[in-house]
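Quick notes on the structure that follows.
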Amino acid sequence: MTALPAPPGPRRRRRLTRALFALTIAILAYALLAYGVAPLLWRHFEHQKSVAGLSMVTLTPLGFPGDPINVGLEGSEADVICSMHAAGWFPADPVTLGSSLRIIGSVLLDRSYPQAPVSTLLYEGRREDLAFQKPVGGSARERHHVRFWKAVESGDSARPIWLGAATFDRSVGLSHFTGQFTHHIGPDIDAERDLIAADLKAAGRSDATYRTSGVGPTLAGYNGGGDLYYTDGDVLFSRLVDGCSASNSAPKYLPDPPAIEAKNRFWRALKRAAAYVF
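The numbers in my numbering rise by one with no breaks, and the one at position 74 of the sequence shown is 74.
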């Protein structure tokens with residue numbers, strides 16, 4: 001008859017208990033830092049307090065989380081329209097039967113359609129107020145595009161605040177969630193946010209840029225079509241030149257707090273690593 005192993009002695013049980021206790025403390029400390037302290041340190045609205053507390057994620061008409069908010073503008077509706085036009089972005093046509101047939105023809109026949117419509121996303125229960133796109137190539141298969149909502153009537157500078165979701169459509173396919181035909185976005189949504197600010201700067205249409213907190217640092221998020229994205233989690237704002245005029249001076253950058261600068265350096269390194277994976 002095989003002898004049963006002897007039960008652990010008192011010393012071994014104490015070591016095991018201490019190890020489990022240390023593991024529990026480590027897990028709790030990680031959870032506190034990752035989900036409590038770090039998000040609080042990374043939340044910042046010092047340059048635009050009016051958007052603190054607002055939602056930073058859009059929704060699809062079916063209620064799925066859509067593209068995150070990553071772009072902000074300060075200015076009137078007229079300033080937004082003329083500034084985006086001067087920066088090389090076209091206003092998107094409304095979604096109608098005619099525009100839907102035209103975008104299908106653009107994709108299938110490789111025809112240009114700079115004003116191709118964008119699908120509906122909802123923010124605070126309403127569809128976008130304005131939408132723009134910047135074509136890539138000869139069809140609507142690939143394009144930079146952004147939707148804007150007027151989120152605050154009068155911000156910290158007593159001007160309207162627009163929040164936007166900017167992404168790059170890299171292909172056409174089926175939604176991973178609904179099976180419907182849709183555009184699939186590229187994962188680096190920060191690049192699209194930065195492109196809009198750079199285009200407005202090149203056109204002389206912004207006099208200042210700054211960041212606020214957005215959806216928060218995200219390495220593997222998914223939008224309403226099931227497409228993966230990653231972001232440092234900030235919203236990049238451009239303060240537009242008033243009155244649809246152009247400026248010859250480069251926009252000034254309003255600096256972030258040191259903790260945010262450190263976070264952004266860390267996330268830039270993560271993005272470079274993620275680019276090899278995704």
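Cβ coordinates follow ideal geometry from the N, Cα and C atoms, glycine included.
C-beta atoms of Gly164 and Ile196 nearer than 9 Å:
Taking 9 Å as the Cβ cut-off, Gly164 and Ile196 qualify as a contacting pair.
Apply the 10 Å Cβ neighbour rule to Leu174 and answer buried if 16 or more other Cβ atoms are within range, or exposed otherwise.
Summary for Leu174: the model assigns pLDDT 48, below 50, so the residue's position carries little reliability; its value from the coordinates is reported in the next sentence. Classification for Leu174: exposed.
Whole-Å CB distance - Ala166 paired with Glu124, under 8 Å assumed:
Contact flag wrong, Cβ pair sits at about 18 Å.
Less than 9 Å separating the beta-carbons of Tyr229 and Lys271?
In terms of Cβ geometry, Tyr229 and Lys271 do not form a close pair [threshold 9 Å].
Pairwise C-alpha distance: Leu254 and Gly216
Rounded to the nearest angstrom, the two C-alpha atoms are 20 Å apart.
Report the residue from Gly53, Glu46, Asn70, Pro65 whose alpha carbon sits nearest the alpha carbon of Asp194.
Of Gly53, Glu46, Asn70, Pro65, the smallest CA-CA separation from Asp194 is found for Asn70.
Based on Cα-Cα distance, which residue from His184, Arg159, Ala52, Arg143 lies nearest to Trp88?
In the sequence on display, residue 88 carries Gly and not Trp. The option with the nearest alpha carbon to Gly88 is Arg143.
Nearest-angstrom Cα separation, counted from Ser206 out to Ser238
Taking the straight line joining both Cα atoms gives about 6 Å.
Buried or exposed for Leu62, going by 16 or more other Cβ atoms inside 10 Å?
So Leu62 ends up on the exposed side.
Less than 9 Å between the beta carbons of Ser83 and Val241, yes or no?
Their beta carbons are under 9 Å apart, which means Ser83 touches Val241 by this criterion.
Candidates Met56, Gln133, Val57: closest to Phe90 by CA position:
Among Met56, Gln133, Val57, the Cα nearest to that of Phe90 is on Gln133.
Start-end ranges of the alpha helix (DSSP H) lying completely within the segment 218-269, minimum 4 residues:
None, since the segment 218-269 contains no complete alpha helix (DSSP H) of that length.
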